[in-house]
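Visitor: So the sequence shown is numbered by my numbering: it starts at 63 and just counts up by one.
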Amino acid sequence: MALSAKKEGFVHLLDSAAMITSNNRKGLGPGRPVATTHGEIEQAAFRLFAERGFDGTTMAAVAQAVGVGRRTLFRYYESKNDIPWGQFDRTLDNFRTILDEMPEELPLHQAVHRAVLRFNEFPPDAQPPHRERMTLILRTPTLQAHSVLRYGDWRAVIAEYVARRQGLRPDDVMPQMVGHVSLALALTAYERWLEQPAASLQDLLDECMRQLRDYLTD
């Protein structure tokens, strides 16, 4: 997935957007009543984003919509920019597991290809809908600087895997290149998916990720 200036840096995708909805209640003290979940916060926030726009929605408004205080909300998400990405750190842990489980006999380009497809599998009834999440992430100008950080984290997972497979360091040229190219290919697939409502995300990712073999030989 080359990138426009707007998208320099990407990541599922990127669920990722990411981007998993969970009932994890970490951060609430022992014996304290559970106030909400990450998923409830995301759903409330996305309703507000649709009504007011991302820039017109405040964390105070999200807290009010969920029925919690601002301090409680900030235990779940450090900033409004983090909400569209969901529990992205957890999705990256899952991405590492997917890569680690790839058969060692697979050529490197096939292993990364398959892992990116698996990472970007989302249920059709996901809430918020994955298309809505990725539209917000990719097409909201004020989110782009924050997205660069997330994209860097996503690329780093691939670089770590490639480095291990090749006996290199993650900051060596080849692991870094594979991370950047994979990101560009995935973003290309996502942009096409957003422009073609009837298209299959998995088919588009598969088509784009096939180009990775042109950059790699085992």
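We put the beta carbon where it would ideally sit given N, CA and C, even for glycine.
Helix, strand or coil for residue 260, going by three-state DSSP, please let me know.
Guide: Start at 1 with the first residue of the sequence shown, and residue 260 comes out as number 198. Coil, per DSSP.
Visitor: Would residue 263 and residue 252 be called neighbours here (beta carbons separated by less than 9 Å)?
Guide: For this step, residue 263 is matched to residue 201 along the sequence shown. For this step, residue 252 is matched to residue 190 along the sequence shown. Against a cut-off of 9 Å, the Cβ pair of residue 252 and residue 263 comes out as a contact.
Visitor: Counting only the same chain and skipping the five closest in sequence on each side, list residues whose C-beta sits under 8 Å from that of residue 180.
Guide: Position 118 of the sequence shown, counted from the start, is the residue given in the question as residue 180. For residue 180, where only same-chain residues beyond five positions count, the Cβ hits under 8 Å are 160.
Visitor: Evaluate the contact criterion for the region 213–227 versus the region 236–250: three or more CB pairs, one atom per stretch, below 8 Å.
Guide: These segments touch.
Visitor: Tell me which same chain residues have a C-beta within less than 8 Å of the C-beta of residue 132, skipping the five on either side of it?
Guide: In the sequence shown, counting from the first residue as 1, residue 132 sits at position 70. So the list reads 121, 122, 125, once near-sequence residues are dropped.
Visitor: On the criterion of 16 or more Cβ atoms from any shown chain inside 10 Å, does residue 148 qualify as buried, or is it exposed?
Guide: The sequence position of residue 148 within the sequence shown is 86, counting from 1. Buried, by the Cβ-count rule.
Visitor: Short of 7 Å in beta carbon distance, which residues of its chain neighbour residue 164, apart from the five on each side in sequence? Order them along the chain.
Guide: For this step, residue 164 is matched to residue 102 along the sequence shown. Closer than 7 Å at Cβ, skipping near neighbours: 173, 176, 177.
Visitor: Does residue 261 pass the burial test, meaning 16 or more other C-beta atoms within 10 Å, or should it be called exposed?
Guide: In the sequence shown, residue 261 corresponds to position 199, counting from 1. By the neighbour-count rule (16 or more Cβ atoms within 10 Å), residue 261 is not buried but exposed.
Visitor: Taking all protein chains shown into account, decide if residue 195 is buried (16 or more other Cβ within 10 angstroms of its Cβ) or exposed.
Guide: The residue labelled residue 195 in the question sits at position 133 within the sequence shown. Per the 10 Å Cβ criterion, buried.
Visitor: Can you tell me which of the three DSSP states residue 167 falls into?
Guide: As a position in the sequence shown, residue 167 is number 105, starting the count at 1. Three-state result, residue 167: coil.
Visitor: What runs of the alpha helix (DSSP H), each 4 residues or longer, lie entirely inside the region 109–154?
Guide: Segments of the alpha helix (DSSP H) lying fully in the region 109–154: 121–128, 132–138.
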